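Peer 1:
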Amino acid sequence: MTCVGIDLGTTNSLVAVFDESGPRLIPNSLGEFLTPSVVGLADDRRTVIVGRAAKARLLRHPDLTAARFKRLMGTGKKLKLGRSEYSPVDLSALVLKSLKSDAERHLGAEVTEAVISVPAYFNGIQRQATKDAAEIAGLKVRSLINEPTAAALAAGVQDREGESTFIVLDLGGGTFDVSILEMFDGVMEVRASSGDAILGGEDFTARIARQIAEQNDMAWAKLDAVAQEALLSVADDFKLRLSSSDTATGKIRIAGRELEVTLTTQQFEKMTEDLVAKMRRPIESSLYDSGVSADRIDRVLLVGGATRMPVIRSLAARVFRKLPDRGVDPDQAVALGAAVQAGLIQRHEGLRDMVMTDVAPFSLGIVASTVLGNHVVHDRFAPIIERNTILPASRSAWFETSQDNQVQIAVVIYQGEAAMASDNVKLGELQVPVPRGPKGKEAIECRFTYDTSGLLAVDVTVLSNKKTYSDVIENLAEALSSSEKTRRLKEMEKLKISPHEQAENIVLVERLKRLYEILLGEDRIEIQTLLAEFEMAMDGQDPGFISSENERLSKVVTAIEDSYVR
Numbered sequence: 001m002t003c004v005g006i007d008l009g010t011t012n013s014l015v016a017v018f019d020e021s022g023p024r025l026i027p028n029s030l031g032e033f034l035t036p037s038v039v040g041l042a043d044d045r046r047t048v049i050v051g052r053a054a055k056a057r058l059l060r061h062p063d064l065t066a067a068r069f070k071r072l073m074g075t076g077k078k079l080k081l082g083r084s085e086y087s088p089v090d091l092s093a094l095v096l097k098s099l100k101s102d103a104e105r106h107l108g109a110e111v112t113e114a115v116i117s118v119p120a121y122f123n124g125i126q127r128q129a130t131k132d133a134a135e136i137a138g139l140k141v142r143s144l145i146n147e148p149t150a151a152a153l154a155a156g157v158q159d160r161e162g163e164s165t166f167i168v169l170d171l172g173g174g175t176f177d178v179s180i181l182e183m184f185d186g187v188m189e190v191r192a193s194s195g196d197a198i199l200g201g202e203d204f205t206a207r208i209a210r211q212i213a214e215q216n217d218m219a220w221a222k223l224d225a226v227a228q229e230a231l232l233s234v235a236d237d238f239k240l241r242l243s244s245s246d247t248a249t250g251k252i253r254i255a256g257r258e259l260e261v262t263l264t265t266q267q268f269e270k271m272t273e274d275l276v277a278k279m280r281r282p283i284e285s286s287l288y289d290s291g292v293s294a295d296r297i298d299r300v301l302l303v304g305g306a307t308r309m310p311v312i313r314s315l316a317a318r319v320f321r322k323l324p325d326r327g328v329d330p331d332q333a334v335a336l337g338a339a340v341q342a343g344l345i346q347r348h349e350g351l352r353d354m355v356m357t358d359v360a361p362f363s364l365g366i367v368a369s370t371v372l373g374n375h376v377v378h379d380r381f382a383p384i385i386e387r388n389t390i391l392p393a394s395r396s397a398w399f400e401t402s403q404d405n406q407v408q409i410a411v412v413i414y415q416g417e418a419a420m421a422s423d424n425v426k427l428g429e430l431q432v433p434v435p436r437g438p439k440g441k442e443a444i445e446c447r448f449t450y451d452t453s454g455l456l457a458v459d460v461t462v463l464s465n466k467k468t469y470s471d472v473i474e475n476l477a478e479a480l481s482s483s484e485k486t487r488r489l490k491e492m493e494k495l496k497i498s499p500h501e502q503a504e505n506i507v508l509v510e511r512l513k514r515l516y517e518i519l520l521g522e523d524r525i526e527i528q529t530l531l532a533e534f535e536m537a538m539d540g541q542d543p544g545f546i547s548s549e550n551e552r553l554s555k556v557v558t559a560i561e562d563s564y565v566r
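So the sequence shown is numbered by the UniProt record's numbering: it starts at 1 and just counts up by one.
The structure is reproduced here in structure tokens:
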């Protein structure tokens, strides 16, 4: 069975495989490695479109298109596309199904298993949601791997002989992760991980979009979805161009107004100062937890397309007093590392001398009460396995009854770092019977055993009678049941998925329609003519002619976009 590595990203997703030549990326039907994590419905409101074709429709059909849904994983929220509602799990499953199809077409074999990357700071509920999405897409998850750990694996495969301590700064579309690792004699050991699950490149894009709106006396909240997506599209283009230029200028047509906007690097840095400042906290937390000082870091690895922003490279250079490593493509590192992990799981011959360890990204514990003077303080979080403990790990702690004549102890399991248990993420609950008696007489030993796959085994022993009660926290309360996953898998099989070969044509049509909306006068008439020509070509159903017309018109459209839109 073929096992692939998948980077399921907020903005883009990739799939890779490990073979005799090492880890390599698999192209999609457009010949591209990056597949936008966007899902939409066609005009018939029944056909599902995934990837670049869906992204091309986002500007004109935001009501039929969903993006950035990775940020909602584990929340139970629904997104409406036309008259249908989809959960973030459903939408992620459609992206994974598209990647699975690309891999099978490229490899000429059925793909049934995958290693999927997740942000290091994803909690248990979000990780379970990712597993559920994979199962609905027809993939068995062999392992979830933290994104910065995957990036480090990709870098480590290129240099297995050296010894070094390095830090991975992974700024994706929606999350920021930090990991500190040590490599020696083919062993890669994660020393500490930290992050921010609600900070990513999309926040920098949104800051530009809101600034443009504000400068032109437009209240962001009052703009409709079409106008907001148009501003976000221009903002994303500006962010990209400011990575290699000091100034970005562009035209945009919003709500009947044509705006000419200019943004400088200095302005961009000023408006995102607070976002850059927020990145310091996870960096400092990882350094503290690992016991490694900034001057002991040998290499700084930047991962995620957003790290191409000069402001991020400057932050890394200031903190660590060295230029970031450019050895691994920031867009590709996580997928390549996930493929390496897939190779390790399959015991690939080329990875015999490589070993990988990881750490618990969050503390795991239970809710407890404590006595302070004459007062009993409830809702106290008592960690049993603390964050950044090397995995697999087994730890235990003792707890006593807190009331007279207590007949059971509720062992409520939480994940997080907050002092109050209720402010953390609840993972499960175990009711443990105890003999009746005065408070403090009966005690339990609570043992947590946690492995790299995210499986938490809880064993609670009543010390007076030696009875043990056990539970395995794998399928969380928020997880989909087996029957629900089977039902959703059948529903997905019924969906009408747009053929991969039509993606290029959908993209071109949407670009032409978007230009028609932006331009006026003779320019608009020219676009209308080009659109009619291409629609006639598609009506003819001659694949060769459609392909040549697509190539010809794409060049014309690109020239017009460069002239008018940018």
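Ideal placement from N, C-alpha and C gives every residue a C-beta, glycine not left out. All of these numbers come straight from a predicted model, not from anything done at the bench.
#1: For the alpha helix (DSSP H) containing His106, name the first residue and the last one.
#2: Measure from the alpha carbon of Glu442 to the alpha carbon of each residue in Gln403, Ala418, Ala230 and Gln415, then state which is nearest.
#3: Any C-beta of chain D sitting closer than 8 angstroms to the C-beta of Leu169?
#4: From Val328 to Phe184, what does the alpha carbon distance come to, in whole angstroms?
#5: Measuring alpha carbon to alpha carbon, tell me which of Gly437, Leu240 and Arg318 ends up nearest Arg308.
#6: Quick one: what's Gln415 bridged to in DSSP?
#7: Which residue or residues does DSSP assign as beta-bridge partners of Ala66?
#8: By the three-class DSSP mapping on this structure, what secondary structure does Tyr450 have?
#9: So what's Ala221 in DSSP terms, helix, strand or just coil?
#10: If you reduce the DSSP assignment to three classes, tell me which class Lys466 lands in.
#11: Is there contact here, the region 447-461 with the region 385-396, by at least three beta-carbon pairs under 8 angstroms?
#12: First and last residue of the beta strand (DSSP E) that includes Val292?
#13: Secondary structure at Leu344, three-state DSSP: helix, strand or coil?
#14: Restricting to runs no shorter than 3 residues, where is the beta strand (DSSP E) found entirely within the region 149-220?
#15: Can you tell me where the beta strand (DSSP E) holding Ile381 begins and where it ends?
#16: Does the Cβ of Lys78 have 16 or more other Cβ atoms within 10 Å, making it buried, or fewer, making it exposed?
#17: Would you grab the beta carbon distance between Gln415 and Asn146 for me? Rounded to a whole angstrom, and I think it's under 8 angstroms.
#18: Mapping the DSSP letters down to three states, classify Glu85 as helix, strand or coil.
#19: The alpha helix (DSSP H) that contains Thr529, what's its start and end?
#20: I think Ala67 touches Val95, with their Cβ atoms under 8 angstroms apart; what is that distance to the nearest whole Å?
#21: Strictly by DSSP, which residues pair up with Gly5?
#22: Can you tell which of Gly343, Arg524 and Glu549 has its C-alpha closest to the C-alpha of Met536?
#23: Leaving aside the five residues before and after Ile506 along the sequence, list all residues of the same chain whose C-beta is less than 6 angstroms from its C-beta, in chain order.
#24: Could you check where the beta strand (DSSP E) with Val434 kicks off and where it finishes?
#25: Can you tell me the Cα-Cα spacing of Pro310 and Ser243, whole angstroms?
#26: Can the beta-carbon of Ala235 be found less than 8 angstroms from the beta-carbon of Ile208?
#27: Between Tyr288 and Ala197, which are expected to be in contact by the criterion C-beta below 8 angstroms, what is the C-beta distance as a whole number of angstroms?
#28: Am I right that Val17 and Ile26 are in contact with their C-beta atoms under 8 angstroms? What's the rounded C-beta distance?
#29: For Ser314 and Lys322, what's the separation of their Cα atoms in angstroms?
#30: Pairs of beta-carbons, one from the region 299-307 and one from the region 329-346, closer than 8 angstroms: are there three or more?
#31: Would you call the CB atoms of Gly172 and Ala306 closer than 8 angstroms?
#32: Just reading off the beta strand (DSSP E) that Arg24 is part of, what are its end residues?
#33: Taking only three categories from DSSP, how would you classify Val556?
#34: With a cut-off of 8 angstroms on the beta carbons, I'd call Pro383 and Ser363 a contact; round off their distance for me.
#35: Would you call the region 124-143 and the region 100-114 in contact, with 3 or more CB pairs under 8 angstroms?
#36: Check each candidate in Gly74, Thr461, Arg387 and Gln502 and name the one with the smallest Cα separation from Asp542.
Peer 2: Considering the structure as presented:
#1: Pro88 to Leu107
#2: Gln403
#3: The chain labelled as chain D is not found in the depicted structure, where only one protein chain is given.
#4: 19 angstroms
#5: Leu240
#6: Leu364 and Val425
#7: Val39
#8: strand
#9: helix
#10: coil
#11: yes
#12: Note, Val292: premise wrong, no beta strand (DSSP E); not H, not E.
#13: helix
#14: 164-171, 176-184 and 187-196
#15: Per the sequence presented here, residue 381 reads as Phe, with Ile not at that position. Looking at the DSSP string, the run of the beta strand (DSSP E) that includes Phe381 is His375 to Ile385.
#16: exposed
#17: About 15 angstroms; that fails the 8 angstroms criterion.
#18: strand
#19: Gly521 to Gly540
#20: About 11 angstroms; that fails the 8 angstroms criterion.
#21: Ala16 and Val115
#22: Glu549
#23: Ala53
#24: Segment: none, Val434 is in no beta strand (DSSP E) and carries neither H nor E.
#25: 6 angstroms
#26: yes
#27: That belief does not hold up - the Cβ atoms of Tyr288 and Ala197 are roughly 19 angstroms apart, past 8 angstroms.
#28: 6 angstroms
#29: 10 angstroms
#30: yes
#31: yes
#32: Gly22 to Leu25
#33: helix
#34: 4 angstroms
#35: yes
#36: Gln502
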